[in-house]
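What the sequence shown shows, in mature numbering (1 follows the signal peptide of the UniProt record, and there is no 0), is residues -19 to -1, 1 to 155, in sequence order.
Beta carbons are placed, not taken as given, at the ideal position from N, Cα and C, and that holds for glycine.
What follows is a set of notes on a single structure, which appears directly below.
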Amino acid sequence: MMRLGVSLLLSLLLIPAQAADSPQLRFKPLQGQLAFKQTKQLQGLPVALKSSGYIQLAAEQLLWHTTTPVDSKLQVSPAGVSQWQQQQYVAVSGSEFVGQLMLAILQQQHQFISSHFALSDDDGCQLLQPLQAPLNTLFVQIRLCGDSTLQQIVLHETNGNSTTIELLHEAGLD
């Protein structure tokens, strides 16, 4: 997830907000600890890459801890993303927007999301379509699915790759 084109996201300029009559986000903001399973399908690879772990989400911070297949930790805040290296978190240069985007999606921050994406409903899910470059050069859409809480995030990239993140209660991670 870190390699979403941080360098392209850096060049993001302020994007005008959507009209007030746009659809509202329909999921409750997430808090606390959730397990995740992530599947990344890369063009040209016959087998998807899979990982799992947990997310610890607080008001202004997210710990993304991948436990399988490799143990790694990311700390995400509005200031950006930091990676656990040699017993400390090291900031990833230019990751401020990635941090803001991840928190906005998980915490359902309507103002941030509607400033950068057109929202629509489709088959029980919400679609986020980038309004302009550079996001629309990275993503075709981001699909958010679930009942009243966000349970699945699907990132459809312009290069044909896709990432599916399943958010689970701890008991749901097998």
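Query: Would you call the stretch 106 to 124 and the stretch 13 to 21 in contact, with 3 or more CB pairs under 8 Å?; Result: no
Query: Figure out for me which residue from Trp45, Thr20 and Ala60 has the closest Cα to the Cα of Leu87.; Result: Trp45
Query: Mapping the DSSP letters down to three states, classify Ala40 as helix, strand or coil.; Result: coil
Query: Along the alpha helix (DSSP H) that carries Ser95, what are the first and last residues, could you check?; Result: His91 to His97
Query: Three-state secondary structure (DSSP) at Leu(-11)?; Result: Model confidence at Leu(-11) stands at a pLDDT of 31, short of 50, so the residue's coordinates are unreliable and nothing is read from them.
Query: Counting only the same chain and skipping the five closest in sequence on each side, list residues whose C-beta sits under 6 Å from that of Gln22.; Result: Ala29 and Ser143
Query: Which residue wins for smallest C-alpha separation from Asp104, given the options Gln5, Arg124 and Gln19?; Result: Arg124
Query: What are the start and end residues of each continuous alpha helix (DSSP H) run of 4 or more residues lying completely inside the stretch 77 to 143, in chain order?; Result: 77 to 88, 91 to 97 and 116 to 119
Query: Hey, would you say Gly61 sits closer than 8 Å to Thr49, going by beta carbons?; Result: no
Query: Would you tell me roughly how many angstroms separate the C-alpha atoms of Asp52 and Ala72, rounded to the nearest one?; Result: 18 Å
Query: Are the CB atoms of Ser129 and Phe8 nearer to each other than 8 Å?; Result: yes
Query: Are there 16 or more other CB atoms within 10 angstroms of the CB of Gln69, so buried, or fewer, so exposed?; Result: exposed
Query: Quick one, which of Leu148, Leu119, Ser58 and Asn140 has its alpha-carbon nearest Gln133's?; Result: Leu148
Query: Let's test the definition: count the other Cβ atoms within 10 Å of the Cβ of Gly80 and tell me whether it reaches 16, buried, or not, exposed.; Result: buried
Query: Which residue marks the beginning of the beta strand (DSSP E) containing Gly61, and which one marks its end?; Result: Gly61 to Gln66
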